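Notes follow the structure.
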Amino acid sequence: MSRLTILLLGGTAEASALAQRIAEDSRFDGTLSLAGVTRSPKPSPLQTRTGGFGGADGLARYLRDQNIDALIDATHPFAAAMSANAAAAAAAASVPAIALLRPAWREQPGDRWIRVPDMVSAAAALGPTPRNVFLTVGRKDLAPFRAAPQHRYLVRSVDPPPPNLLPEDAVFIAARGPFALEDEERLLREHGVQTLVTKNSGGTATAAKLAAARRAGLPVVMIDRPPANGPAVPTVEEAWEWLVARHRDGAPAWRGV
Ligand code: NAP
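Residue 734 is where the sequence shown starts when you use the working numbering, and the numbers rise one by one after that.
In structure tokens, the structure reads:
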């Protein structure tokens, strides 16, 4: 049977793990796609393309032009625009598609979560009284916190935010997970953190901050995920099984047209 041509939308640890498996299996011919927002992405064994496709229409064109047989959306659970485009483009180009969406974190005994639907609500949930806030929402989403300057922010992201996005007097730490529990506890102590703000990203790499907040009895402002866009599997293993099944099915009919 011929090789299955795969487009893998990446930017997550799960995408990297899946890329590794695809690269090692001669049944598949895969391309990893990255947005190009991280300065030094981890090298991948798969051939990699970088940058946007030009919306859902651009991606549908790419799927057709590159004869893609299967699309896997393994972008971050908060990459809502890309995921919506992926679902729309796959439908338009009749390409089988699935999202690889790691399970959300769940509140555990001892947690003090304040669940909110978006960044603006997260900033509002901090309240009017000045607090020391550990902000781990990524570098793109800082504007609502800049508009709440009564708080003192410790901001952590993989790459530094543009200075005009950083809240005034914020302390910035550049770091990429995985993070260890004892390091997270030390960080909270050293900066006198009173509240943690995070997206409900799920996964293990950045979960230690939640355990550290639980042990310190700190409230966590938890931003809920945007809604998913179609069929999804929660693990790399299940995404892999889906790919193997697509290979067994053979290329979609439109490839032969
Ligand atoms: P987004 O808002 O959903 O996407 C904005 C635009 O960036 C998309 O419309 C698309 O441009 C382009 N894009 C996004 N992911 C792409 C990919 N894998 N390959 C090619 N183009 C892509 O996404 P985002 O939240 O900025 O995230 C950007 C990347 O960072 C994603 O790959 C995501 O997995 C990763 N990431 C995001 C977060 C987060 O919290 N959002 C956290 C960790 C990693 P066109 O419309 O032109 O195609």
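A virtual CB, placed ideally from N, CA and C, is assigned to each residue, including glycine. In this text, all values refer to a predicted model and were calculated from it rather than measured experimentally.
To the nearest angstrom, report how far apart residue i and residue j are at their CA atoms.
i    : j    : result
L875 : Q883 : 14 Å
M852 : T931 : 9 Å
R872 : A813 : 16 Å
S816 : R879 : 28 Å
Q927 : A941 : 16 Å
G791 : A826 : 11 Å
T968 : L834 : 7 Å
A832 : A903 : 36 Å
G848 : V954 : It should be pointed out that residue 848 corresponds to Arg in this sequence rather than to Gly. Taking the straight line joining both Cα atoms gives about 6 Å.
S759 : W975 : 16 Å
V870 : G910 : 13 Å
P960 : W846 : 20 Å
L921 : R947 : 11 Å
L804 : L737 : 11 Å
G989 : S777 : Model confidence at G989 stands at a pLDDT of 42, short of 50, so the residue's coordinates are unreliable and nothing is read from them.
A945 : E923 : 13 Å
R885 : L929 : 12 Å
W987 : P850 : Summary for W987: the model assigns pLDDT 46, below 50, so the residue's position carries little reliability; its value from the coordinates is reported in the next sentence. Going from the Cα of W987 to the Cα of P850 covers about 40 Å.
Y795 : S749 : 21 Å
L765 : G983 : 21 Å
Among the options, which has the Cα closest to the Cα of residue i?
i    : options                : result
A819 : L929, V954, D982, L742 : L742
A907 : T771, T937, V849, A752 : T771
G936 : A824, V888, P836       : P836
R797 : T781, A822, S773       : A822
P810 : E747, R909, P829, S777 : E747
A752 : E970, P911, V849       : E970
D957 : S854, W975, L899       : S854
A807 : G785, L921, L740, N897 : L740
F867 : L914, G925, V828, D802 : G925
S934 : L765, N800, W838       : W838
N897 : L779, V891, F912, P877 : P877
A793 : V891, R885, F905, V828 : V828
R919 : A949, R754, D892       : A949
Applying the criterion that 16 or more other CB atoms from any shown protein chain within 10 Å of the CB defines a buried residue, is residue i buried or exposed?
i    : result
G744 : buried
E917 : buried
P895 : exposed
E757 : exposed
A978 : exposed
V888 : buried
P900 : buried
T783 : exposed
N962 : buried
G763 : buried
D802 : buried
S773 : exposed
A913 : exposed
S890 : buried
What are the partner residues of residue i, as DSSP defines its beta bridges?
i    : result
G791 : Bridge partners of G791: none, in fact.
G763 : I739
W846 : V953
R889 : I906
T781 : L765
V930 : L868, V954
D801 : Reading off the sequence, residue 801 comes out as Ile, not Asp. None, per the DSSP bridge assignment.
L833 : V966
D806 : L742, A832
Give a yes or no on whether 8 Å exceeds the smallest Cβ distance from residue i to chain C.
i    : result
A907 : In the structure shown, chain C does not exist; there is a single protein chain.
Is residue i a contact residue of ligand 2, with contact defined as CB to any heavy atom under 7 Å?
i    : result
A750 : The ligand content of the structure shown is limited to ligand 1, which means ligand 2 is not among them.
How about the stretch 858-867 and the stretch 835-844: do they share at least three Cβ pairs that are nearer than 8 Å?
-> Segment contact: the stretch 858-867 against the stretch 835-844, fewer than three CB-CB distances shorter than 8 Å; contact not assigned.
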